[in-house]
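For reference, the structure discussed in these notes is given below.
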Amino acid sequence: MATLKIRNLRKGFDTIEIIKGIDLDIHDREFVVFVGPSGCGKSTLLRLIAGLEDVTSGTLELDGRDITEISPAKRDLAMVFQTYALYPHMTVRKNMSFALDLAGIAKREVDRKVEEAARILELGHLLDRKPRQLSGGQRQRVAIGRAIVRHPKIFLFDEPLSNLDAALRVQMRLELARLHQELKATMIYVTHDQVEAMTLATKVVVLNAGRIEQIGSPLELYHQPANLFVAGFLGTPKMGFLKARVVQTSSTATDIELAAGPRLRLPFEGSQLAVGSEVTLGIRPEHLVIDPNGQLPVTTDVTERLGSDTYCHMVTASDEPLTVRVPGDFAAAYGESLKLALDISHCHLFDTRGYAVSRVLQQAA
Amino acid sequence: MNATTLKSTAPTSLPNQTHPAHPHRRKSPGWLLVSPSVALLLLWMIVPLGMTVYFSLIRYNLLYPGENDFVGLENFEYFVTDTGFMPGMTNTVLLVGSVLLISVVLGVLISALLEATEFWGRGIVRVLLISPFFIMPTVSALIWKNLIFHPVSGILAAVWKFFGAQPVDWLATHPLLSIILIVSWQWLPFAILILMTAMQSLDQEQKEAARLDGAGPLAIFWHLTLPHLARPIAVVVMIETIFLLSVFAEIFTTTNGGPGFASTNLAYLIYTQALLQFDVGMASAGGLIAVVIANIAAIILVRMLGKNLTDKA
Ligand SMILES: Nc1ncnc2c1ncn2[C@@H]1O[C@H](COP(=O)(O)OP(=O)(O)OP(=O)(O)O)[C@@H](O)[C@H]1O
Ligand SMILES: [Mg+2]
Numbered sequence: 001m002a003t004l005k006i007r008n009l010r011k012g013f014d015t016i017e018i019i020k021g022i023d024l025d026i027h028d029r030e031f032v033v034f035v036g037p038s039g040c041g042k043s044t045l046l047r048l049i050a051g052l053e054d055v056t057s058g059t060l061e062l063d064g065r066d067i068t069e070i071s072p073a074k075r076d077l078a079m080v081f082q083t084y085a086l087y088p089h090m091t092v093r094k095n096m097s098f099a100l101d102l103a104g105i106a107k108r109e110v111d112r113k114v115e116e117a118a119r120i121l122e123l124g125h126l127l128d129r130k131p132r133q134l135s136g137g138q139r140q141r142v143a144i145g146r147a148i149v150r151h152p153k154i155f156l157f158d159e160p161l162s163n164l165d166a167a168l169r170v171q172m173r174l175e176l177a178r179l180h181q182e183l184k185a186t187m188i189y190v191t192h193d194q195v196e197a198m199t200l201a202t203k204v205v206v207l208n209a210g211r212i213e214q215i216g217s218p219l220e221l222y223h224q225p226a227n228l229f230v231a232g233f234l235g236t237p238k239m240g241f242l243k244a245r246v247v248q249t250s251s252t253a254t255d256i257e258l259a260a261g262p263r264l265r266l267p268f269e270g271s272q273l274a275v276g277s278e279v280t281l282g283i284r285p286e287h288l289v290i291d292p293n294g295q296l297p298v299t300t301d302v303t304e305r306l307g308s309d310t311y312c313h314m315v316t317a318s319d320e321p322l323t324v325r326v327p328g329d330f331a332a333a334y335g336e337s338l339k340l341a342l343d344i345s346h347c348h349l350f351d352t353r354g355y356a357v358s359r360v361l362q363q364a365a
Numbered sequence: 001m002n003a004t005t006l007k008s009t010a011p012t013s014l015p016n017q018t019h020p021a022h023p024h025r026r027k028s029p030g031w032l033l034v035s036p037s038v039a040l041l042l043l044w045m046i047v048p049l050g051m052t053v054y055f056s057l058i059r060y061n062l063l064y065p066g067e068n069d070f071v072g073l074e075n076f077e078y079f080v081t082d083t084g085f086m087p088g089m090t091n092t093v094l095l096v097g098s099v100l101l102i103s104v105v106l107g108v109l110i111s112a113l114l115e116a117t118e119f120w121g122r123g124i125v126r127v128l129l130i131s132p133f134f135i136m137p138t139v140s141a142l143i144w145k146n147l148i149f150h151p152v153s154g155i156l157a158a159v160w161k162f163f164g165a166q167p168v169d170w171l172a173t174h175p176l177l178s179i180i181l182i183v184s185w186q187w188l189p190f191a192i193l194i195l196m197t198a199m200q201s202l203d204q205e206q207k208e209a210a211r212l213d214g215a216g217p218l219a220i221f222w223h224l225t226l227p228h229l230a231r232p233i234a235v236v237v238m239i240e241t242i243f244l245l246s247v248f249a250e251i252f253t254t255t256n257g258g259p260g261f262a263s264t265n266l267a268y269l270i271y272t273q274a275l276l277q278f279d280v281g282m283a284s285a286g287g288l289i290a291v292v293i294a295n296i297a298a299i300i301l302v303r304m305l306g307k308n309l310t311d312k313a
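Chains as they are written, first to last, in the UniProt record's numbering: chain A, 1 to 365; chain B, 1 to 313.
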């Protein structure tokens, strides 16, 4: 069992506040991923949880026990660092057994645990090597092994895959997911790679400038982003944003006029929106179709061919960029004028302050 | 073909032997480029060494000019059987060993403490700790002799008097210990300088990982800091050994090697042979013995510690 409650957690370095009041509940066996742009405080938050930094205010509670002031060693958490932080002069075996040896656990028990971790991570044949004799991926595994042997309540990962090459990263990502299942562990994972966030997480926490923007399952965040930041942060290529103005509202629909020209009737709850206010329409590349009868005139910019798909970058009449996903063999000339059809049922509408406007739940039609 | 033999025996030979007629030689221009400096260094070394060897094999006493006949290894025999030889050897070993021990142990402790604690004025303390290294040996020996060890006006005498004890004439009663203290005072800063710099390169995340693993400050020091310092300690030991084998000025300005041979080391013994007894031949023999000893020490050190240097962390 491991549940972590974070209440109004704040952290400042000198006078600058970096973590600006975090409230978060992490439940047993969850795989929680912190994502956010660089410098938003993900690592700091993780280090606060680990106890490597002192909190400025707020509390941390692990399984009902207040751990805010408890030393890192006694928190029963294990951390995997971005640079692995292996002890360079110790063998792999010693690296993994270090914590257990310090805790004075019997030799046989230590050996058993190390062998067990080595088996899970397929490190058996490397146990007597020094870290410098290992490849990046192997070092990464040792770092994870060092955490596993301790049977911590929560595993903390700070961008553990960012030093690996792309292929290895994909493989380690799968292994981490497998490990999470196999160990039935609670994990907190920091990354700025949204693919990692989407694929690994059972719960994603999107951070921005020291605050939580949204918490939810990966698909929830993808399909129902709470605000412009989350909408723009998750998904590659990014969601396209079009400036618009509200022209008419009702409880079942909102009419907007895009800066790019056309008027649209959207199934959004309009009662909160003032007529004439500035709003933003968000639409993902997969929900746009090139269609001669479409509403939105655009000019093609560059085209990215990925084989399976092609991403066409377009510019609207109001000079706003949009990306469209089209089949892989699609050919568009640079500077060509085309028309796009928007999939109204998959649009997102954000009000003047950037918050999502709620969709009308069930359409009568 | 003359050139080929030259090549194998004397890499110092002149660059003009690389003739276009030998195309294979042109494949290693690196050798050609370093040869002037290698030649210069070898000359620098070989000429004095050769002269020393020559002097050590002849009778060469300045008091009896002209009687420079060949005497074989007699000079060596005299030097080794001299009453000063055994004390000189023992004192050299004691001096080098003690100063190494003091400077490495204190150096590690002081730099670890400096690194671990934050306090106001740490920068100034660092500079102060390192500054004795920049004082000339003669000057520092004189400072110790006159301001610290002096039985009447020294600081230690004042302390002894304060506690009602009889002041000690350090240089007369504990000559070797006094020399060890002086030399340690000079070389401890060197150790601190090297070790402190090395300490700063210890990966912070390793320490944090160790903290999470439950290691306290002592365990971190023992399991992370010390192994991390193995290489810089090896450097300190090697460099200091080479310099400590030839400590001279400190002895010359304080005890003059005495009383008796109580603070005479090998370097000082050679000096007494050469310039007090004017026996250049015997001094040269002593010099060669010192060179051999220094080389043995160097080989042992390289064997013992060199592994640390080539072992990449
Ligand atoms: N010890 C420190 N002293 C002062 N400022 C710090 C310290 N550690 C972090 N910061 C600041 O806190 C902010 C958040 O840092 P943090 O390392 O948590 O970012 P991050 O979200 O992990 O970014 P990245 O994705 O680049 O790792 C940064 O602006 C950083 O400059
Ligand atoms: Mg970070």
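Each residue gets a CB set at the ideal place from its N, CA and C atoms; glycine is no exception.
| Query | Result |
| --- | --- |
| Just to be sure I understand the criterion: a residue counts if its Cβ is closer than 5 Å to at least one heavy atom of ligand 1. Which residues meet that? | F13/A, I18/A, S38/A, G39/A, C40/A, G41/A, K42/A, S43/A, T44/A, H192/A |
| What are the boundary residues of the beta strand (DSSP E) that V324/A is part of? | 321 to 327 |
| To the nearest angstrom, how far is it from the Cα of G261/A to the Cα of R245/A? | 11 Å |
| What in chain B is Cβ-close to M79/A, meaning under 9 Å? | E208, A209, L212 |
| Roughly how many angstroms separate the alpha carbons of M196/B and F350/A, rounded to a whole number? | 56 Å |
| Can you tell me which of E250/B, A230/B, L288/B puts its alpha carbon nearest to the alpha carbon of V104/B? | A230/B |
| Does the segment 133 to 144 of chain B come close enough to the segment 157 to 168 of chain B that 3 or more CB-CB pairs lie under 8 Å? | no |
| At the 8 Å Cβ level, is A85/A part of the contact set with chain B, yes or no? | yes |
| For a contact meaning CB atoms closer than 7 Å, what does A99/A contact in chain B? | D213, G214 |
| Give a yes or no on whether the minimum CB-CB distance between A21/B and chain A is below 8 Å. | In this predicted model, A21/B has a pLDDT of only 49, less than 50, meaning its place in the structure is not dependable; the value taken from the coordinates is given anyway. Not an interface residue. |
| With a threshold of 7 Å, establish whether the CB of V190/A neighbours any heavy atom of ligand 2. | yes |
| Closer than 6 Å by C-beta to R10/A: which residues in its own chain qualify, once you throw out the five before and the five after it? Chain order, please. | I19, G21, T56, S57, G58 |
| Can you find a heavy atom of ligand 2 that lies under 7 Å from the Cβ of D158/A? | yes |
| Please state if the CB of F31/A and the CB of K42/A are separated by a distance shorter than 8 Å. | no |
| Cutting at 7 Å between CB atoms, please list the residues of its own chain near L200/A, excluding the five before and the five after it. | F31, V33, R173, L176, A177, Y189 |
| Kindly list the residues whose CB is nearer than 7 Å to the CB of A145/A, restricted to its own chain and excluding five residues on each side of it in sequence; keep chain order. | The sequence given here has Gly at residue 145/A, not Ala. The answer, listed in chain order, is M96, A117, A118, L121, L123. |
| Pull up the distance between the alpha-carbon of A365/A and that of D25/A, whole angstroms please. | Because A365/A sits at a pLDDT of 42, beneath the cut-off of 50, its placement in the model cannot be relied upon, and the point is left open. |
| Counting only runs that start and end within the segment 52 to 99 of chain B, where is the alpha helix (DSSP H) found for 4 or more residues in a row? | 74 to 81 |
| G2/A and T186/A look like a contact to me (Cβ under 8 Å); what is the Cβ gap, rounded to whole Å? | Inspection of the sequence shows that residue 2/A is occupied by Ala rather than by Gly. Right, the Cβ-Cβ distance comes to about 4 Å (below 8 Å), so this counts as a contact. |
| If you count every other CB in all the chains shown that lies within 10 Å of the CB of T81/B, and 16 or more means buried, which is it? | exposed |
| Say whether chain B places a C-beta atom closer than 8 Å to the C-beta of P72/A. | yes |
| Which residues does DSSP pair with R10/A in a beta bridge? | K20/A, S57/A |
| What's the C-alpha gap between C312/A and G51/A? | 47 Å |
| Using the beta-carbon of each residue, which ones in chain B are nearer than 9 Å to L52/A? | E208, R211, L212 |
| Starting from L349/A, trace the beta strand (DSSP E) in both directions and tell me its first and last residue. | 348 to 350 |
| Between Q206/B and Y355/A, which are expected to be in contact by the criterion C-beta below 8 Å, what is the C-beta distance as a whole number of angstroms? | With 8 Å as the limit, Q206/B and Y355/A do not qualify as a contact, their Cβ atoms being about 44 Å apart. |
| According to DSSP, simplified to helix, strand and coil, what is E278/A? | strand |
| Taking only beta-carbon positions, decide if H89/A is within less than 8 Å of chain B. | yes |
| Strictly below 8 Å CB to CB, what residues from chain B border L102/A? | D213, G214, A215, A219 |
| I want to know whether the segment 211 to 221 of chain A touches the segment 290 to 301 of chain A - three or more CB-CB distances under 8 Å. | no |
| I'd like to check one pair, V247/A with V275/A: are the Cβ atoms closer than 8 Å? | yes |
| Take K339/A and list the residues in its own chain whose beta-carbon comes closer than 8 Å to its own, dropping the five residues that flank it on each side. | I290, D291, P292, N293, G294, Q295, L296, P297, V298 |
| Alpha carbon to alpha carbon, what distance is there between Y271/B and Y60/B? | 15 Å |
| Ordered along the chain, which non-local residues of its own chain (more than five positions away) have a Cβ less than 6 Å from that of F243/B? | none |
| Step through the CB atoms of chain A and report whether any lies within less than 8 Å of the CB of P232/B. | no |
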